[in-house]
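>
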Amino acid sequence: MGILLIMIELFLTDWWESQEPIPEKLTPLQQIPDNKPAKINDIVSQLKRLHNPDATFTIDLWFDERRKTRFISGEPINIYYKIKGLNKGTRAYLTLLNVSPAGKLSLIFNEFVEVGKEYGSLQAQENVTTVMQIALETGQEYFKAIVTSEPIEWKAFIAAAAKGKPRVTFWGTKELIVDVE
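Taking the numbering used here, the leading residue of the sequence shown gets 1, the next gets one more, and so forth.
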């Protein structure tokens, strides 16, 4: 059995410019260096602020070893995730985004996942899977996992989440920041 993994790089500058502005309520959790393009800064800032404090479930996200956040550039790593707190058989959608040290936004994973279903080589009754193997760039890499009850329509989801009223039954997020030497 084989697994085909695809990474899609999104260059959202043109798409983002054509959208309605996101409310000012979204501000960065961490200041992004000013040497990155302004449009990407806006996207990254909004992505970092996207959080649901009322989520009834959790998302674990890690690379190779839990709690390891320092890696060597060019060294391939495996991405893993686990969704806890939803009933087995619940339909959910997992989106995993990455912002590289250069400010490039990439969609790594955007798929349906069934909570409680085993993916890949798993321990009994755990929804843990190797999403893909990637190589990290030197600097700070930012990853954001978003789990929703329906596939995400980005413009509507981010705008509604900024107002605290996303149009999904449930949603939750997890972020992971790693340093790469």
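In this text, a Cβ means the ideal position worked out from N, Cα and C, and glycines have one as well.
I need the boundaries of the beta strand (DSSP E) containing ILE79, first residue and last residue.
The count along the sequence shown starts at 1 and reaches residue 79 at position 79. ILE79 -> beta strand (DSSP E) spans 76 to 84.
> For the candidate residues LEU97, PHE170, GLU114, VAL115, whose alpha-carbon lies nearest to that of LEU107?
As a first step, residue 107 is located in the sequence shown; it is residue number 107 there, counting from the start. Comparing Cα-Cα distances from LEU107 to each of LEU97, PHE170, GLU114, VAL115, the minimum goes to LEU97.
> Using the C-alpha atoms, what's the distance from GLU65 back to ASN78?
Translated into the one-based positions of the sequence shown, residue 78 becomes position 78. Translated into the one-based positions of the sequence shown, residue 65 becomes position 65. C-alpha separation (whole angstroms): 9 Å.
> Which residue marks the beginning of the beta strand (DSSP E) containing VAL180, and which one marks its end?
Looking up residue 180 in the sequence shown gives position 180. Looking at the DSSP string, the run of the beta strand (DSSP E) that includes VAL180 is 171 to 180.
> Assuming contact is defined by CB atoms lying nearer than 8 Å, are THR138 and TRP171 in contact in what I supplied?
Here residue 138 refers to the residue found at position 138 of the sequence shown. Here residue 171 refers to the residue found at position 171 of the sequence shown. Contact flag unset, no.
> Could you pull the DSSP bridge partners for LEU105 from this structure?
For the purposes of this step, residue 105 is taken as the residue at position 105 of the sequence shown. In DSSP, LEU105 forms a bridge with VAL99.
> Along the chain, where does the beta strand (DSSP E) containing GLY139 start, and where does it finish?
Position 139 of the sequence shown, counted from the start, is the residue given in the question as residue 139. Its beta strand (DSSP E) spans residues 139 to 148.
> Distance, Cα to Cα, ALA38 vs LYS88?
Mapped onto the sequence shown, residue 38 falls at position 38. Mapped onto the sequence shown, residue 88 falls at position 88. Any reading at ALA38 is ruled out, since the residue's pLDDT is 45, under 50, leaving its predicted position unreliable.
> Measure the CB-CB distance between THR95 and ILE152 and report whether it falls below 8 Å.
Here the question's residue 95 lines up with position 95 in the sequence shown. Here the question's residue 152 lines up with position 152 in the sequence shown. Yes.
> What does the alpha-carbon distance come out to for the pair GLU114 and ILE72?
The count along the sequence shown starts at 1 and reaches residue 114 at position 114. The count along the sequence shown starts at 1 and reaches residue 72 at position 72. Computed Cα separation, rounded: 33 Å.
> Do LEU47 and LYS144 count as a contact pair if the criterion is CB distance below 8 Å?
Taking the first residue of the sequence shown as 1, we reach residue 144 at position 144. Taking the first residue of the sequence shown as 1, we reach residue 47 at position 47. A contact, by the Cβ cut-off of 8 Å.
> If ALA161 sits next to LEU61, beta carbons under 8 Å apart, how far is it from one beta carbon to the other, in whole angstroms?
Position 161 of the sequence shown, counted from the start, is the residue given in the question as residue 161. Position 61 of the sequence shown, counted from the start, is the residue given in the question as residue 61. Not quite, the Cβ-Cβ distance comes to about 19 Å (not below 8 Å), so this is no contact.
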